[in-house]
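First the structure, in the form of structure tokens, and then the observations on it.
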């Protein structure tokens, strides 16, 4: 008899926890780029600090380059 009551309590707790989990939407963490974040050059693969990178506008967003030479190779 005690085992049945214990099982019932466990089932109720599990159902209550599942209901709480389903109600809470999982929000993706917002990610901001800081000026000290490393970005990857798409031409040579070098990582460079974003604040010192050479940037060019593109349809997908601004790619960042380690130098004007890599930016020129990317455009050409």
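Numbering (our numbering), first residue to last: 368 to 443. Glycine is no exception: its CB is placed at the ideal position from the N, C-alpha and C atoms.
Delimiting residues of the alpha helix (DSSP H) encompassing residue i
i, result
"residue 407", "Where residue 407 is concerned, there is no enclosing alpha helix (DSSP H), although the beta strand (DSSP E) it sits in stretches over 405 to 407."
"residue 382", "369 to 390"
"residue 412", "Counting along the chain, residue 412 falls outside any alpha helix (DSSP H), and DSSP gives it neither H nor E."
"residue 438", "435 to 442"
Burial state of residue i (16 or more Cβ within 10 Å)
i, result
"residue 431", "buried"
"residue 382", "exposed"
"residue 438", "buried"
"residue 406", "buried"
"residue 420", "buried"
Residues near residue i by beta carbon distance below 6 Å, same chain, minus five either side
i, result
"residue 433", "408, 413 and 415"
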